[in-house]
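Read through the structure below, which is laid out as structure tokens, and then see the notes.
In my numbering, the protein residues as written are 425 to 539.
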């Protein structure tokens with residue numbers, strides 16, 4: 425009978441240890457998801473804030489460049505067309521390099537997510 429009690433006690437301990445492990449694993453997973461969501465939201469917020477200021481800066485820079493170029497060329501319509509064409513070329517360049525940009529973003533996010 426002692427053998428059966430010993431086996432019963434060992435199996436009870438194993439079940440208890442398994443339950444504790446599952447509970448702790450679930451808690452860890454919740455904590456990890458919370459951490460990753462927090463990091464992602466923080467990164468998104470910073471990117472939006474910095475991107476907004478950069479966009480405003482580019483806007484004023486474009487206006488200043490168009491005015492300065494208009495004075496040099498004595499044609500404001502041509503100067504705004506040149507500045508607009510520059511931004512279209514810049515947009516085309518970003519479009520052509522989108523795969524490299526995606527790769528860099530994925531590498532950065534995977535490093536943050538999986539470490």
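For every residue, glycine included, the Cβ atom is placed at its ideal position computed from N, Cα and C. Note that the structure is a prediction, hence the values are computed from the model and not measured.
Residue range of the unbroken alpha helix (DSSP H) whose run includes residue i
i	result
residue 502	500 to 520
Beta carbon of residue i nearer than 9 Å to that of residue j
i	j	result
residue 491	residue 500	yes
residue 518	residue 489	no
Neighbourhood of residue i by C-beta distance below 7 Å, restricted to the same chain and skipping five residues each side
i	result
residue 536	463
residue 495	none
residue 460	537
Expected contact under 8 Å - CB spacing of residue i and residue j to nearest Å
i	j	result
residue 514	residue 503	The pair is not a contact, with the Cβ atoms about 17 Å apart (cut-off 8 Å).
Cut-off 6 Å between Cβ atoms - residues of its own chain near residue i, not counting five sequence neighbours on either side
i	result
residue 473	none
residue 529	none
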